[in-house]
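Participant:
Numbering (the working numbering), first residue to last: 986 to 1377.
Printed below as a string of structure tokens:
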């Protein structure tokens, strides 16, 4: 039985808590850092044991990667998501963003449009621009307390013939939507109609809550001619510093193109540590994950209750997946600068600014809640005290 109430040790070299990094981003270091999408829990014991076994060796010579890595990934997806994936359609890459960059550069040309659904993971903007492609934003809309894809907006962009690729985030970061099979079906139909490839970033696929079901695009698109998936155990098991990513492309022609690009750039030479950690996670980590999901669900319910009773001015559309919440502070009536000052210098919280995810979301912030409940409670108590101090 895992103890998620236990506070794991902090290392000042962790990105989330590095003083120099915090100072550069927020202008302060004495913050509770809840801005980055990682967890504050101890790693699952089977992963730690697998790594310890490797570290205890007397030699670290050149070594072939275990052949059963992709089999472990396939079996995990079959068991968790009833998803049949061909083990021969995987390609290892050094990380998820590396994989996205490879797919963009392989499947599009400089200047081509890449469509994203904003607000969205801020690194999507960066990787598209770095690949010298054009960001095409299709804003999400809110209907019945849910963010939805705007298919009319999407089709108007697709008609222009500029868009050659759609970059989907499923589950969506930061709003927490887990797209339904109907939504993904409609997306795939549009992509097929306009001969556009869909890349689906599914790194958060295992963090899904009651009432929602993860639907991979690989299960929806039966032809599988215009899709590619990006995945990794990093978010699920809290091992961002060691986990590699993987690409999945069932179309053999596209697979060969991608494989050639990855091989030419030597981007598939991950470490044996990463490979063995992945195998351990996907073959022995399920019980730990089930306990984690229960804990995260309970934490999310506490947050919802607290906001409803203590801070009703802050709006939260309940996430269906991920361990981030997308908070709307607009009803407080602060200017953008006043809001940032309140959060950083009075509540003493380091949250991800909303305008990282879309320039228009200056009154939103993203908070990661994958921490001991007492830690999250303290954050909200500080937030309440800071807001109340500004009330007349």
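Glycine included, each C-beta is placed from N, C-alpha and C at the ideal position.
Would you kindly report the start and end of the unbroken beta strand (DSSP E) that includes residue 1280?
Facilitator: For the purposes of this step, residue 1280 is identified with residue 295 of the chain shown, where counting begins at 1. For residue 1280, no beta strand (DSSP E) run applies; the uninterrupted alpha helix (DSSP H) run containing it begins and ends at 1271-1295, by DSSP.
Participant: Measure the beta-carbon distance from residue 1203 to residue 1070 and round it to whole angstroms, keeping in mind my assumption that it falls under 8 Å.
Facilitator: Here residue 1203 refers to the residue found at position 218 of the chain shown. Here residue 1070 refers to the residue found at position 85 of the chain shown. That belief holds up - the Cβ atoms of residue 1203 and residue 1070 are roughly 6 Å apart, short of 8 Å.
Participant: Mind listing, in chain order, the continuous alpha helix (DSSP H) runs of no fewer than 4 residues lying wholly within the segment 1011-1053?
Facilitator: 1030-1040
Participant: Any idea what DSSP makes of residue 1139, helix, strand or coil?
Facilitator: Counting from one through the chain shown, the residue named residue 1139 turns up at place 154. Residue 1139: helix per DSSP, three-state reduction.
Participant: Since I believe residue 1001 is in contact with residue 1021 (beta carbons under 8 Å), could you give me their beta-carbon distance rounded to a whole number of angstroms?
Facilitator: Looking up residue 1021 in the chain shown gives position 36. Looking up residue 1001 in the chain shown gives position 16. Going by Cβ atoms, the distance from residue 1021 to residue 1001 rounds to 4 Å, so yes, they are a contact pair.
Participant: Is it the case that the segment 1335-1343 contacts the segment 1288-1299, given that we only count it when at least three CB pairs across the two stretches are under 8 Å?
Facilitator: no
Participant: Alpha helix (DSSP H) containing residue 1088: first to last residue?
Facilitator: On the chain shown, position 103 is the one that residue 1088 refers to. Where residue 1088 is concerned, the enclosing alpha helix (DSSP H) stretches over 1081-1092.
Participant: Taking the alpha-carbon positions, what's the residue 1244 to residue 1334 distance?
Facilitator: Position 259 of the chain shown, counting from 1, holds the residue named residue 1244. Position 349 of the chain shown, counting from 1, holds the residue named residue 1334. Spanning the two alpha carbons is a distance of roughly 43 Å.
Participant: Considering residue 1213, what are the terminal residues of the beta strand (DSSP E) in which it resides?
Facilitator: As a first step, residue 1213 must be located in the chain shown, where it is residue number 228. It spans 1212-1216 - the beta strand (DSSP E) in which residue 1213 sits, taken as one unbroken run.
Participant: Determine contact between the segment 1103-1112 and the segment 1156-1164, defined as no fewer than three beta-carbon pairs at a distance below 8 Å.
Facilitator: yes
Participant: Please report the Cβ distance between residue 1231 and residue 1078, rounded to the nearest whole angstrom; I am assuming they are in contact, meaning their Cβ atoms lie under 8 Å.
Facilitator: Position 246 of the chain shown, counting from 1, holds the residue named residue 1231. Position 93 of the chain shown, counting from 1, holds the residue named residue 1078. Right, their Cβ atoms sit about 7 Å apart.
Participant: Grouping DSSP H, G and I as helix and E and B as strand, with all else coil, what is residue 1309?
Facilitator: Position 324 of the chain shown, counting from 1, holds the residue named residue 1309. Reduced to three states, the DSSP call for residue 1309 is strand.
Participant: Just the C-alpha distance for residue 1005 and residue 1096, rounded to the nearest angstrom, thanks.
Facilitator: Counting from 1 along the chain shown, the entry for residue 1005 is found at position 20. Counting from 1 along the chain shown, the entry for residue 1096 is found at position 111. Their Cα atoms are separated by approximately 36 Å.
Participant: Alpha helix (DSSP H) containing residue 1370: first to last residue?
Facilitator: If you number the chain shown from 1, residue 1370 lands on position 385. Element bounds for residue 1370: 1358-1374.
Participant: Mind pulling the beta strand (DSSP E) runs of 3 or more residues that sit fully within the segment 1135-1184?
Facilitator: 1148-1154
Participant: Which first and last residues belong to the alpha helix (DSSP H) in which residue 1326 is found?
Facilitator: Sequence index remark: in the chain shown, residue 1326 carries index 341 (1-based). Segment 1321-1326, the alpha helix (DSSP H) holding residue 1326.
Participant: May I ask you to report which of helix, strand or coil DSSP gives residue 1267?
Facilitator: Mapped onto the chain shown, residue 1267 falls at position 282. Reduced to three states, the DSSP call for residue 1267 is helix.
Participant: May I have the straight-line CA-CA distance separating residue 1115 from residue 1064, to the nearest angstrom?
Facilitator: Mapped onto the chain shown, residue 1115 falls at position 130. Mapped onto the chain shown, residue 1064 falls at position 79. If you take the alpha carbons of residue 1115 and residue 1064, they lie about 37 Å apart.
Participant: For residue 1026 versus residue 1055, is the C-beta distance shorter than 7 Å?
Facilitator: Within the chain shown, numbered from 1, the residue matching residue 1026 stands at position 41. Within the chain shown, numbered from 1, the residue matching residue 1055 stands at position 70. No; because the gap between Cβ atoms is not below 7 Å, this pair is not in contact.
Participant: Can you find the residues in the same chain that come closer than 7 Å, C-beta to C-beta, to residue 1328, ignoring five residues on each side of it along the sequence?
Facilitator: Within the chain shown, the letter at position 343 stands for residue 1328. Cβ neighbours of residue 1328 beyond the five flanking positions: 1334, 1336 and 1350.
Participant: May I ask you to list the residues that DSSP assigns as paired with residue 1075?
Facilitator: Stepping through the chain shown from its first residue, residue 1075 is reached at position 90. Answer is 1233.
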